[in-house]
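One gets our numbering by counting positions in the sequence shown from 1 and adding 589 to each. Heads up, the thing below is written out as structure tokens.
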Amino acid sequence: MYLSREMKVGHSLLLGLNILVALSSISLLERMKPTVGTLLKENVSSTEAIEGMLSSLTLPNAALTEKRDRFLSSLALARANINEKEEMTPIARIERLAEPALRGDPAAVNAVVTDLNELGLINRKVIRKADSRLRKLGTTGGWAMAILGFITFVLGLLILDRFSNRIWEPVQDIAEVMTAWKEGNRHRRYHLRSAAREIEHIGASLNALLDEAGDLRMLERRSRTEGADSCKEDRLLLIGLLESFNEPSFLISEKGALLTANSGGLKVLSQKNGHEVREQLVNALAGSATKVEAGLSIQTHPVEGTNYWLCRITG
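Below you can see the structure in the form of structure tokens.
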């Protein structure tokens with residue numbers, strides 16, 4: 590797979606999972622919102638109506654008309670928020686006994702209070718049931734978020750491992766190959782074959798360049814070796830030529846370096862004034878001094894086809 594496509598697929602998967610987690614969270618909150626709203630609208634309103642009716646029965650100095658208005662208003666609120674079938678029976682009894690209870694009939698007051706307590710108990714059961722439903726919904730949603738988060742984490746690790754195997758490790762291997770070549774290791778090559786196509790192409794091109802550079806170095810080294818062998822053969826021939834002369838003879842480079850000498854020349858150089866003879870040989874190439882000692886002179890001749898000079902001490 591191409592590098593750009595792998596990057597797009599990996600990023601798209603991670604982005605898709607993150608969007609899924611966000612949408613799931615929103616969906617969970619939306620599912621909880623109606624339950625909470627209904628609980629506040631219906632059951633809490635019913636509880637407030639019950640409290641209003643109880644307070645109407647216990648007002649010590651209020652007029653009967655005021656008590657009746659407050660009681661009937663709270664009763665109408667409770668009737669409007671009937672959500673359970675069990676609420677209809679106590680509300681009906683409260684409606685029937687409302688007037689005697691407001692007038693102070695003890696039996697009616699006790700009966701109304703009992704029905705109000707029953708009504709409150711029914712609403713509390715509904716609230717507890719709604720609370721349990723919300724808790725289960727929250728727990729389920731929490732586990733769903735945790736599972737989606739775990740899937741996202743695992744997928745992220747898998748994508749990271751794939752990127753490591755197909756991108757980062759091959760790039761690091763290419764860098765190590767180039768560093769090894771720079772440090773003198775001419776045999777290190779790129780060998781990974783699980784990388785993205787672009788990186789494989791780069792690695793193959795790098796190997797081809799290194800192979801070509803290695804071939805050029807080998808040819809250059811071979812050329813130098815052959816040249817050195819040729820020079821060695823020439824020197825051997827010249828040494829043989831020196832030995833054919835009876836007088837001391839020397840082979841000197843054009844820069845004044847004494848390369849070799851025949852047996853007579855070695856004998857001269859081994860004497861006490863050998864270093865002076867060396868200097869005079871060099872000076873002879875420069876054309877200055879040609880006398881070694883009384884009756885002896887230095888003759889110089891260039892060796893054709895080479896950079897050497899043949900020097901002989903003659904008398």
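Glycine is no exception: its CB is placed at the ideal position from the N, C-alpha and C atoms. All figures in this text were calculated on a predicted structure; none of them were measured in a lab.
Would you kindly work out how many angstroms separate the C-alpha atoms of residue 733 and residue 633, rounded to a whole number? Numbered from its first residue, the sequence shown carries residue 733 at position 144. Numbered from its first residue, the sequence shown carries residue 633 at position 44. C-alpha separation (whole angstroms): 31 Å.
Which of the three DSSP states is assigned to residue 891 in this structure? Along the sequence shown, one-based indexing puts residue 891 at 302. Note: residue 891 maps to strand in three-state DSSP.
What does the alpha-carbon distance come out to for the pair residue 670 and residue 721? Within the sequence shown, residue 670 is the residue found at index 81, counting from 1. Within the sequence shown, residue 721 is the residue found at index 132, counting from 1. Cα to Cα, the separation comes out at about 21 Å.
In the DSSP output, what is residue 608 paired with across the bridge? Along the sequence shown, one-based indexing puts residue 608 at 19. Looking at the DSSP assignment, residue 608 forms no beta bridge with any residue, so it has no partner.
Measuring alpha carbon to alpha carbon, tell me which of 890, 802 and 863 ends up nearest residue 774. Your numbering for residue 774 matches position 185 in the sequence shown. When each option's Cα is compared against that of residue 774, the closest is 802.
Where do the ends of the beta strand (DSSP E) carrying residue 901 lie? Start at 1 with the first residue of the sequence shown, and residue 901 comes out as number 312. Per DSSP, residue 901 belongs to the beta strand (DSSP E) from 897 to 903.
Status (buried if at least 16 other CB within 10 Å, exposed otherwise) for residue 704: For the purposes of this step, residue 704 is taken as the residue at position 115 of the sequence shown. So residue 704 ends up on the buried side.
Backbone secondary structure at residue 639 - three-state DSSP: The count along the sequence shown starts at 1 and reaches residue 639 at position 50. In this structure, residue 639 counts as helix in the three-state DSSP scheme.
Where do the ends of the alpha helix (DSSP H) carrying residue 711 lie? In the sequence shown, residue 711 corresponds to position 122, counting from 1. From DSSP, the alpha helix (DSSP H) with residue 711 extends over 695 to 752.
Within 10 angstroms of the Cβ of residue 712, are there 16 or more other Cβ atoms? Answer buried if so, exposed if not. As a position in the sequence shown, residue 712 is number 123, starting the count at 1. Result: buried.
Which residues does DSSP list as the beta-bridge partners of residue 850? Locating residue 850 in the sequence shown gives position 261, where the first residue counts as 1. According to DSSP, residue 850 bridges with 839.
Which value, in whole angstroms, describes the spacing of the CA atoms of residue 799 and residue 786? Within the sequence shown, the letter at position 210 stands for residue 799. Within the sequence shown, the letter at position 197 stands for residue 786. The straight-line gap from Cα to Cα measures roughly 20 Å.
Quick check on residue 833: does DSSP put it in helix, strand or coil? In the sequence shown, residue 833 corresponds to position 244, counting from 1. Three-state result, residue 833: coil.
Determine, using beta carbons only, whether residue 726 and residue 676 come nearer to each other than 8 Å. Position 137 of the sequence shown, counted from the start, is the residue given in the question as residue 726. Position 87 of the sequence shown, counted from the start, is the residue given in the question as residue 676. No, Cβ-Cβ distance for residue 726 and residue 676 is not below 8 Å.
Do you know offhand how far residue 740's Cα is from residue 611's? Sequence index remark: in the sequence shown, residue 740 carries index 151 (1-based). Sequence index remark: in the sequence shown, residue 611 carries index 22 (1-based). If you take the alpha carbons of residue 740 and residue 611, they lie about 14 Å apart.
Cα-Cα separation between residue 644 and residue 637, rounded to whole angstroms: Against the sequence shown, residue 644 aligns to sequence position 55. Against the sequence shown, residue 637 aligns to sequence position 48. Between residue 644 and residue 637, the C-alpha separation is close to 11 Å.
Can you find at least 3 beta carbon pairs, one from the stretch 832 to 845 and one from the stretch 886 to 900, that sit closer than 8 Å? Short answer: they touch.
Measuring straight from C-alpha to C-alpha, what distance separates residue 714 and residue 672? Start at 1 with the first residue of the sequence shown, and residue 714 comes out as number 125. Start at 1 with the first residue of the sequence shown, and residue 672 comes out as number 83. Approximately 12 Å between the Cα atoms of the pair.
Rounded separation between residue 639 and residue 706 - CA only: Taking the sequence shown and counting its residues from 1, the one referred to as residue 639 is at position 50. Taking the sequence shown and counting its residues from 1, the one referred to as residue 706 is at position 117. Those two C-alpha atoms are separated by around 8 Å.
For residue 691, which residues in the same chain have their Cβ closer than 8 Å to its Cβ, ignoring the five residues on either side in sequence? Walking along the sequence shown from the start, residue 691 turns up at place 102. Within the same chain, residue 691 has close Cβ partners 645, 646, 653, 656, 657 and 660.
Report the three-state DSSP secondary structure of residue 780 (helix, strand or coil). Within the sequence shown, numbered from 1, the residue matching residue 780 stands at position 191. Correct three-state label for residue 780: coil.
Counted within 10 angstroms of its Cβ, other Cβ atoms place residue 816 as buried (16 or more) or exposed: Sequence index remark: in the sequence shown, residue 816 carries index 227 (1-based). Model confidence at residue 816 stands at a pLDDT of 49, short of 50, so the residue's coordinates are unreliable; what they give is reported in the following sentence. With fewer than 16 Cβ atoms within 10 Å of its Cβ, residue 816 is classed as exposed.
Using beta carbons (cut-off 8 Å, strictly below), is residue 897 in contact with chain D? Checking the listed chains, one finds no chain D in this structure; it contains a single protein chain.
Let me know the secondary structure DSSP gives residue 680 once reduced to three states. On the sequence shown, position 91 is the one that residue 680 refers to. Reduced to three states, the DSSP call for residue 680 is helix.
Residue range of the alpha helix (DSSP H) that residue 765 falls in? In the sequence shown, counting from the first residue as 1, residue 765 sits at position 176. Start and end: 758 to 771.
State buried or exposed for residue 699, treating a residue as buried only when at least 16 other CB atoms are found within 10 Å of its CB. Against the sequence shown, residue 699 aligns to sequence position 110. Counting Cβ neighbours within 10 Å, residue 699 comes out exposed, since fewer than 16 surround it.
Cβ pair residue 788, residue 760 closer than 8 Å: For the purposes of this step, residue 788 is identified with residue 199 of the sequence shown, where counting begins at 1. For the purposes of this step, residue 760 is identified with residue 171 of the sequence shown, where counting begins at 1. Contact: yes.
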